[in-house]
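Enquirer:
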Amino acid sequence: MENQNHKRPSATIIFIFGGSGDLNYRKLSPAIYNLFIDEWMPDKFTVIGIGRSEYSDENYRAHLLEGIKQFSRRKDVADAQWQAFSQHVSYLKMDAEKDEEYNQISEVIKEKQAAFGAHPNIIFYMAVAPQLVPDIAKKLGKKHISPDKSNTRIVIEKPFGHDLESAHELNELLMSMFDEKQIYRIDHYLGKETVQNIIALRFANALFEPLWNRNYIDHVQITAAETVGSEGRGAYYEGAGALRDMVQNHILQLICMIAMEAPVSFDADEIRNKKVDVLNAIRRIGKDEVSRYAVRGQYDAGWMEGEKVPAYREEKNVDPKSATDTFAAVKFYIDNWRWQDVPFYIRTGKRLHEKTTVINIQFRPAPSYAFPPEAAETWRPNRLTISIQPEMDIRLRFQSKRPGQSMTLNPVDMIFRYKDAYDGNEPEAYETLLLDIMEGNATLFMRKDQVEAAWRIIMPIQDAWKNRAPVSFPNYAPGSWGPEDAEALIAKDGHQWIVM
Numbered sequence: 000m001e002n003q004n005h006k007r008p009s010a011t012i013i014f015i016f017g018g019s020g021d022l023n024y025r026k027l028s029p030a031i032y033n034l035f036i037d038e039w040m041p042d043k044f045t046v047i048g049i050g051r052s053e054y055s056d057e058n059y060r061a062h063l064l065e066g067i068k069q070f071s072r073r074k075d076v077a078d079a080q081w082q083a084f085s086q087h088v089s090y091l092k093m094d095a096e097k098d099e100e101y102n103q104i105s106e107v108i109k110e111k112q113a114a115f116g117a118h119p120n121i122i123f124y125m126a127v128a129p130q131l132v133p134d135i136a137k138k139l140g141k142k143h144i145s146p147d148k149s150n151t152r153i154v155i156e157k158p159f160g161h162d163l164e165s166a167h168e169l170n171e172l173l174m175s176m177f178d179e180k181q182i183y184r185i186d187h188y189l190g191k192e193t194v195q196n197i198i199a200l201r202f203a204n205a206l207f208e209p210l211w212n213r214n215y216i217d218h219v220q221i222t223a224a225e226t227v228g229s230e231g232r233g234a235y236y237e238g239a240g241a242l243r244d245m246v247q248n249h250i251l252q253l254i255c256m257i258a259m260e261a262p263v264s265f266d267a268d269e270i271r272n273k274k275v276d277v278l279n280a281i282r283r284i285g286k287d288e289v290s291r292y293a294v295r296g297q298y299d300a301g302w303m304e305g306e307k308v309p310a311y312r313e314e315k316n317v318d319p320k321s322a323t324d325t326f327a328a329v330k331f332y333i334d335n336w337r338w339q340d341v342p343f344y345i346r347t348g349k350r351l352h353e354k355t356t357v358i359n360i361q362f363r364p365a366p367s368y369a370f371p372p373e374a375a376e377t378w379r380p381n382r383l384t385i386s387i388q389p390e391m392d393i394r395l396r397f398q399s400k401r402p403g404q405s406m407t408l409n410p411v412d413m414i415f416r417y418k419d420a421y422d423g424n425e426p427e428a429y430e431t432l433l434l435d436i437m438e439g440n441a442t443l444f445m446r447k448d449q450v451e452a453a454w455r456i457i458m459p460i461q462d463a464w465k466n467r468a469p470v471s472f473p474n475y476a477p478g479s480w481g482p483e484d485a486e487a488l489i490a491k492d493g494h495q496w497i498v499m
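Take numbering that gives the first Met the number 0: the final residue in the sequence shown is number 499, and no numbers are missing along the way.
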């Protein structure tokens, strides 16, 4: 347990809609438990899981304990610590579709407020299927369950809409009942330590910022690869695909972190203003240009790590003639002074060669004319690599002379590894984000204009793919790095995908 003299959030009630579901079991409860062990939870708090399943408080706590033991970064759960934590956890069986059942929430708030002796923060966490969010939000607003806007927050998981129109409609609905400052659109990627460290790396080091522009950077590559298939979530993935599921939120947010201008403060809206500037500057792709800038793919049947795996079209709850993209690669340009004509290549997909999320900043080559011919044979441009998962590290590649009598150069890496520098038990993404929600810090959460700007960027691609059936699906083997067209996308610019 940490012994830090840090300020804890004020009294808080967390209602988790979908409290008996997978997200709470795997992510939310383990995160809240770790915050409790590290002494970040408020002195007065309660967590209430809401669901239709039958649970007594005791059985519900036992269920969550199984998830914490399996999915928390702390696998060993001490009895005394669990007993202390579990007293703050309870279960509320209710049907979220019935208006009258929301009176139970009001009663809980009154009871806890009296017990706390203070007006608590009230957090409504939507850990439910996206289609259920609007109705729950309407009922919360209609009942005026927590009218104090300074203390009430609603948390919405991705996907936030399935296109620009639905995202705008959801925003308008939420804004009719809540202020923007109350709405926390969560993207767990932004809670990862390495992602947060991008801002520190860029703006706290005079070594990098002067070089962080089109004069010195040749191009940027972002790869977010998974080895798994649809994992039994075929029904969800059929309505999503790689472009919607990864590019519209996670990857565009990474681009914002890499490309944003220096903030004048760490105020939440100042950071988010800088990010939305990047989204607004990304060059729009015309519908007739999509084939030049974007590639889609779908995995076939084959072998991975000695195991036979099915094609996407053979997965459970997937249309045998599905045109859903399980791979997407796009070339973006950012039309501003800093990044004009610097391509940002991104790729993401399922059943790829390895699980990794990595950002490569490729610098322009230094002049080599002064070196003898043998030096040019191994000449490589400098590169900065930010690995987000599964390893968290930052690598700077530079040229060094090999020992010997000749001037032979070799690229070498200077490496910073989190696990070497720190204790390796850094907070997980949901811990960071949940603490920010309790503290009312919206820096790492997407604002209305950010969400809609991101949808505007990918809508031409999405519409073109929807209106033009793929002729080659499935078009890549499991365990590969995607379809051949993805290699061609970058090769025509004289580049190749970087594989560590």
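The beta-carbon is built from N, C-alpha and C at its ideal position, and this holds for glycine as well.
1) Grouping DSSP H, G and I as helix and E and B as strand, with all else coil, what is Met245?
2) With a CB to CB cut of under 6 angstroms and the five nearest residues on each side skipped, what residues in its chain are close to Ala428?
3) Am I right that Arg337 and Asn359 are in contact with their C-beta atoms under 8 angstroms? What's the rounded C-beta distance?
4) Give me the residue from Trp480, Leu278 and Gln195 with the minimum Cα distance to Ile385.
5) Pull up the distance between the alpha-carbon of Ile182 and that of Gln86, whole angstroms please.
6) Within the same chain, show all residues whose beta-carbon is closer than 6 angstroms to that of Pro8, passing over the 5 residues directly before and after it, in chain order.
7) Tell me His218's beta-bridge partners as DSSP assigns them.
8) Between which two residues does the beta strand (DSSP E) harbouring Phe343 extend?
9) Taking the straight line between their C-alpha atoms, what separation do you get for Tyr124 and Lys400?
10) With 16 other CB atoms within 10 Å as the buried threshold, where does Val119 fall?
11) According to DSSP, is Val227 helix, strand or coil?
12) How long is the line joining the alpha carbons of Asn170 and Lys447, rounded to whole angstroms?
13) My assumption, with CB atoms under 8 angstroms, is that Ile254 sits in contact with Phe159. Please give the rounded CB distance.
14) Provide the residue span of the beta strand (DSSP E) that contains Pro410, from first to last.
15) Under a Cβ-count criterion, where at least 16 other Cβ atoms within 10 Å of its own Cβ denotes burial, should Gly348 be classed as buried or exposed?
16) Is it right to say Thr431 is buried, meaning 16 or more other beta carbons lie within 10 angstroms of its own, or is it exposed?
17) Using only alpha-carbon positions, find the residue among Glu451, Pro477, Arg396 and His143 that is nearest to Ile414.
18) Which residue comes first and which comes last in the beta strand (DSSP E) that contains Gly48?
19) Between Met516 and Phe370, how many whole angstroms is the CB-CB distance? I'm expecting something under 8 angstroms.
20) Where DSSP assigns a beta bridge to Ala114, which residues make up the other side?
21) Compare the Cα-Cα distances from Trp39 to each of Ala205, Lys6 and His62 and report the closest residue.
22) Kindly give me the distance between the Cβ atoms of Ile122 and Phe14, rounded to whole angstroms, as I take these residues to be in contact under 8 angstroms.
23) For Ile456, which of Arg243, Pro482, Lys418 and Phe444 has the nearest alpha-carbon?
24) What does DSSP give as the partner residue(s) for Leu278 in the beta ladder?
25) Is the shortest distance between the beta-carbon of Glu230 and the beta-carbons of chain D less than 8 angstroms?
26) Would you mind sorting Asn58 into buried or exposed? The rule is 16 or more other CB atoms within 10 Å of its CB.
27) So, under 8 angstroms CB-CB, Lys111 and Ile12 are touching, yes? Tell me the CB distance rounded to an integer number of Å.
28) Taking three-plus beta-carbon pairs below 8 angstroms as touching, is the region 219 to 236 in contact with the region 304 to 314?
29) Relative to the C-alpha of Thr45, which candidate in Tyr24, Asp75 and Ala10 has its C-alpha closest?
30) So does the region 297 to 309 actually touch the region 469 to 484, counting three or more Cβ pairs closer than 8 angstroms?
31) Are Leu27 and Glu225 closer than 8 angstroms when you measure CB to CB?
32) Quick check: the Cα distance between Gly493 and Ala203, rounded to an integer number of angstroms?
Expert: According to the structure shown:
1) Numbered from 1 along the sequence shown, position 246 holds the residue referred to as residue 245. Helix.
2) Counting from 1 along the sequence shown, the entry for residue 428 is found at position 429. Once the five neighbours on either side are set aside, the close Cβ partners of Ala428 are His187, Gly190 and Lys191.
3) Here residue 337 is taken as the residue at index 338 of the sequence shown, counted from 1. Here residue 359 is taken as the residue at index 360 of the sequence shown, counted from 1. That pair is no contact at about 18 angstroms.
4) Counted from its first residue, the sequence shown places residue 385 at position 386. Nearest of Trp480, Leu278 and Gln195 to Ile385, Cα basis: Gln195.
5) Here the question's residue 182 lines up with position 183 in the sequence shown. Here the question's residue 86 lines up with position 87 in the sequence shown. So the alpha carbons of these two residues sit roughly 28 angstroms apart.
6) Position 9 of the sequence shown, counting from 1, holds the residue named residue 8. If we look at Pro8 and ignore the five residues flanking it on each side, its Cβ neighbours are Pro41, Met437 and Glu438.
7) As a first step, residue 218 must be located in the sequence shown, where it is residue number 219. Looking at the DSSP assignment, His218 forms a beta bridge with Gln361.
8) Working through the sequence shown from its first residue, we reach residue 343 at position 344. Counting along the chain, the beta strand (DSSP E) containing Phe343 begins and ends at Phe343 to Gly348.
9) As a position in the sequence shown, residue 124 is number 125, starting the count at 1. As a position in the sequence shown, residue 400 is number 401, starting the count at 1. Going by the C-alpha atoms only, they are around 55 angstroms apart.
10) Here residue 119 refers to the residue found at position 120 when the sequence shown is read from its first residue. Correcting the residue type first, residue 119 is Pro in the shown sequence and not Val. The residue in question, Pro119, is buried, as its Cβ has 16 or more Cβ neighbours within 10 Å.
11) Numbered from its first residue, the sequence shown carries residue 227 at position 228. In the structure shown, Val227 sits in coil (DSSP, three-state: anything other than H, G, I, E or B).
12) Mapped onto the sequence shown, residue 170 falls at position 171. Mapped onto the sequence shown, residue 447 falls at position 448. Cα-Cα distance, rounded: 7 angstroms.
13) The sequence position of residue 254 within the sequence shown is 255, counting from 1. The sequence position of residue 159 within the sequence shown is 160, counting from 1. Wrong, their Cβ atoms sit about 17 angstroms apart, outside the cutoff.
14) Against the sequence shown, residue 410 aligns to sequence position 411. Leu408 to Arg416 is the extent of the beta strand (DSSP E) around Pro410.
15) Here the question's residue 348 lines up with position 349 in the sequence shown. That one is buried.
16) Translated into the one-based positions of the sequence shown, residue 431 becomes position 432. Looking at its Cβ environment, which holds 16 or more other Cβ atoms inside 10 Å, Thr431 is buried.
17) Here the question's residue 414 lines up with position 415 in the sequence shown. Among Glu451, Pro477, Arg396 and His143, the Cα nearest to that of Ile414 belongs to Arg396.
18) Counting from one through the sequence shown, the residue named residue 48 turns up at place 49. Phe44 to Gly50 is the span of the beta strand (DSSP E), which, as asked, contains Gly48.
19) Given that the chain is displayed from residue 0 to residue 499, the structure contains no residue 516 and the question cannot be resolved.
20) The sequence position of residue 114 within the sequence shown is 115, counting from 1. According to DSSP, Ala114 bridges with nothing at all.
21) Working through the sequence shown from its first residue, we reach residue 39 at position 40. Measuring from the Cα of Trp39, the nearest candidate turns out to be Lys6.
22) In the sequence shown, counting from the first residue as 1, residue 122 sits at position 123. In the sequence shown, counting from the first residue as 1, residue 14 sits at position 15. Yes, Ile122 and Phe14 are in contact; Cβ-Cβ is about 7 angstroms, under 8 angstroms.
23) Numbered from its first residue, the sequence shown carries residue 456 at position 457. Cα-wise, what sits closest to Ile456 is Arg243.
24) Here residue 278 is taken as the residue at index 279 of the sequence shown, counted from 1. Partner(s): none; Leu278 has no beta bridge.
25) In summary, chain D is missing from the structure at hand, where a single protein chain is found.
26) Translated into positions along the sequence shown, residue 58 becomes position 59. When all chains shown are included, Asn58 counts as exposed.
27) The residue given as residue 111 occupies position 112 in the sequence shown. The residue given as residue 12 occupies position 13 in the sequence shown. Indeed they touch by this definition, with Cβ atoms about 5 angstroms apart.
28) yes
29) Indexing the sequence shown from 1 puts residue 45 at position 46. Considering only alpha carbons, the answer is Ala10.
30) yes
31) Start at 1 with the first residue of the sequence shown, and residue 27 comes out as number 28. Start at 1 with the first residue of the sequence shown, and residue 225 comes out as number 226. Contact: no.
32) The residue given as residue 493 occupies position 494 in the sequence shown. The residue given as residue 203 occupies position 204 in the sequence shown. The alpha-carbon atoms of Gly493 and Ala203 are separated by roughly 33 angstroms.
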